[in-house]
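Q: Quick one: this structure, given as structure tokens, is what I'll be asking you about.
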Amino acid sequence: MLRWKALMLYLTSDQLKGLEALVRRGRFSSVEEAVKAAVVDLLRRELPVALERVRSRWS
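Residue numbers in the sequence shown follow my numbering, run continuously in steps of one, and reach 125 at the last position.
Printed below as a string of structure tokens:
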């Protein structure tokens with residue numbers, strides 16, 4: 067089952083400029099797509115570690 071939740075994300079000017087640069091270089095089609103890719107990448111790296119910590123506390 068997929069669940070969706072809309073979130074508002076505040077970016078610094080430098081972060082936004084960096085995302086816009088990635089779009090200009092053709093890496094992503096939009097800033098929104100770049101943000102989604104960044105969040106997915108972060109979750110792939112960090113979520114398993116966080117879940118393991120939670121599981122180890124419950125054991």
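C-beta atoms are modelled at their ideal positions from N, C-alpha and C, and glycine is treated no differently.
In terms of alpha-carbon separation, which member of LEU108, ARG123, ALA100 lies closest to LYS83?
A: Taking the first residue of the sequence shown as position 1, residue 83 is located at position 17. It is ALA100 whose Cα lies nearest to the Cα of LYS83.
Q: Could you check where the alpha helix (DSSP H) with SER125 kicks off and where it finishes?
A: Residue numbering aside, residue 125 sits at position 59 when the sequence shown is read from its first letter. Neither: SER125 is in no alpha helix (DSSP H) and is coded neither H nor E.
Q: Between the C-alpha atoms of LEU68 and ASP80, what's the straight-line distance to the nearest angstrom?
A: By one-based count along the sequence shown, residue 68 stands at place 2. By one-based count along the sequence shown, residue 80 stands at place 14. So the two alpha carbons sit approximately 33 Å from each other.
Q: Hey, could you find the ends of the alpha helix (DSSP H) GLY84 is sitting in?
A: In the sequence shown, counting from the first residue as 1, residue 84 sits at position 18. That run of the alpha helix (DSSP H) goes 79 to 90.
Q: Between LEU85, TRP70, LYS71, which has its C-alpha nearest LEU77's C-alpha?
A: Working through the sequence shown from its first residue, we reach residue 77 at position 11. When only C-alpha atoms are compared, the closest one is LEU85.
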